[in-house]
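Enquirer:
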Amino acid sequence: MLFDIRKRDVTTSTNDDAKRAAVAGAPEGFVIWALHQTQGRGRIGRPWQSDEGNLFFSVVLRPPLPRSEWAGYSFVAALAVQETVDYYVNKDIEGAFSVPHNVEMKWPNDVLVDGKKISGILLESEDDNWLVLGIGINVRCDPDNPMYPATSLASETPAVPELGDLLDRVLDSFDSWYARLNHEGFLPIRAAWLMNARKGTMRVKLPAKATEFYGEFLDLDIEGALRLRLQDGSERKVSAGDVFPFV
Ligand code: BTN
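Taking the numbering used here, the leading residue of the sequence shown gets 406, the next gets one more, and so forth.
Right, here's the structure in full:
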């Protein structure tokens, strides 16, 4: 994919800009990168704190797969971020006495460093012709995150990358995982995701419901839903919701 990166000092939300561009006919690979967002958003309408120093960008995609399979793109995005963050936080670790950082993906697409959230991914689409992928990576600022403990590259490694270099690396990695999903389907993506996924006991909150329950991670099914074993021994599939590792 050819990326055409447009950089802004400030915008409301790069996802809004990319959505507008997609509706106006922007080709796949059109990227909006902003140094600061005034109305950055997260999943389920939550705000995404967007201070200068962190990376905020959105990519226009024109996915070749049928819309029923688009959930796969969210795992593709998580793999790209996981691979990139892993590179930066572990590249200078040398010698027998250093403990590498554990860079994991938490269902569906958060990336955690030693259990703390470093990135968020938001996919949005309003028709079959386009999908906007928005990614935020904490680079120099740790947002106050009441939902989940957060961290940034600067808190985990002395070698903090330039935002442009980080963006190029995530896009490169995304490009190869995206091609893999499009050509080989979800199975290799699922296998790669499972290798570095946060497992164990999870607390699950379903959207728009006050109920919470606990379950043991079992698997990721072929549609991207999370399979859990509940305390009474039954199995439950979760297709949307918030998942918190239980510690
Ligand atoms: C989440 O974890 O809830 C997802 C957060 C997604 C944030 C990114 S930052 C770039 C893009 N623009 C936005 O307004 N949101 C996404």
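We put the beta carbon where it would ideally sit given N, CA and C, even for glycine.
(1) Taking just the CA atoms, how far does K610 sit from L460?
(2) From H595 to D456, what does the alpha carbon distance come to, in whole angstroms?
(3) Can you grab the Cα-Cα spacing for the pair A602 / K511, in whole Å?
(4) Roughly how many angstroms separate the alpha carbons of G629 and G569, rounded to a whole number?
(5) Rounded to a whole number of angstroms, what is the C-alpha to C-alpha distance between V643 and L631?
(6) Output yes or no for whether 8 angstroms exceeds the beta carbon distance between L527 and G539.
(7) Just curious, the beta strand (DSSP E) that I437 is in, first and last residue?
(8) Any heavy atom of the ligand BTN closer than 7 angstroms to the CB of D515?
(9) Are the beta-carbon atoms of W535 and A645 separated by less than 8 angstroms?
(10) Using the three-state DSSP reduction, which class does W582 fall into: helix, strand or coil?
(11) When burial is assigned at 16 or more other CB atoms within 10 Å of the CB, is G605 buried or exposed?
(12) Classify L635: buried if its beta carbon has 16 or more other beta carbons within 10 angstroms, exposed otherwise.
(13) Can you give me the start and stop residues for the beta strand (DSSP E) that T416 sits inside?
(14) List the endpoints of the continuous alpha helix (DSSP H) containing K424.
(15) Which runs of the beta strand (DSSP E) at least 3 residues long sit entirely within the region 595-647? Give them in chain order.
(16) Out of E474, V537, F435, G430, which one is the CA nearest neighbour of D409?
(17) Please report how far the alpha carbon of Y619 lies from the alpha carbon of W453, in whole angstroms.
Expert: A quick look at the data gives this:
(1) Within the sequence shown, residue 460 is the residue found at index 55, counting from 1. Within the sequence shown, residue 610 is the residue found at index 205, counting from 1. So the alpha carbons of these two residues sit roughly 28 angstroms apart.
(2) If you number the sequence shown from 1, residue 595 lands on position 190. If you number the sequence shown from 1, residue 456 lands on position 51. Correcting the residue type first, residue 595 is Arg in the shown sequence and not His. When rounded, the distance between both Cα atoms is 33 angstroms.
(3) In the sequence shown, counting from the first residue as 1, residue 602 sits at position 197. In the sequence shown, counting from the first residue as 1, residue 511 sits at position 106. When rounded, the distance between both Cα atoms is 6 angstroms.
(4) Position 224 of the sequence shown, counted from the start, is the residue given in the question as residue 629. Position 164 of the sequence shown, counted from the start, is the residue given in the question as residue 569. Using only the alpha carbons, I get a separation of about 31 angstroms.
(5) Reading the sequence shown from its first residue, position 238 is the one you call residue 643. Reading the sequence shown from its first residue, position 226 is the one you call residue 631. One C-alpha to the other measures close to 5 angstroms.
(6) Looking up residue 527 in the sequence shown gives position 122. Looking up residue 539 in the sequence shown gives position 134. The answer is yes: Cβ separation under 8 angstroms.
(7) Taking the first residue of the sequence shown as position 1, residue 437 is located at position 32. Unbroken beta strand (DSSP E) run through I437: 435-442.
(8) Looking up residue 515 in the sequence shown gives position 110. Checking every heavy atom of the ligand BTN against the Cβ of D515, one is found closer than 7 angstroms.
(9) Sequence index remark: in the sequence shown, residue 535 carries index 130 (1-based). Sequence index remark: in the sequence shown, residue 645 carries index 240 (1-based). Contact: no.
(10) Looking up residue 582 in the sequence shown gives position 177. If DSSP states are grouped into helix, strand and coil, W582 belongs with the helices.
(11) In the sequence shown, residue 605 corresponds to position 200, counting from 1. Exposed, by the Cβ-count rule.
(12) Against the sequence shown, residue 635 aligns to sequence position 230. Looking at its Cβ environment, which holds fewer than 16 other Cβ atoms inside 10 Å, L635 is exposed.
(13) The sequence position of residue 416 within the sequence shown is 11, counting from 1. Looking at the DSSP string, the run of the beta strand (DSSP E) that includes T416 is 409-416.
(14) To locate residue 424, count along the sequence shown from 1; it is residue 19. From DSSP, the alpha helix (DSSP H) with K424 extends over 419-428.
(15) 606-610, 617-625, 631-635, 640-643
(16) As a first step, residue 409 is located in the sequence shown; it is residue number 4 there, counting from the start. Per the Cα distances, F435.
(17) On the sequence shown, position 214 is the one that residue 619 refers to. On the sequence shown, position 48 is the one that residue 453 refers to. Computed Cα separation, rounded: 26 angstroms.
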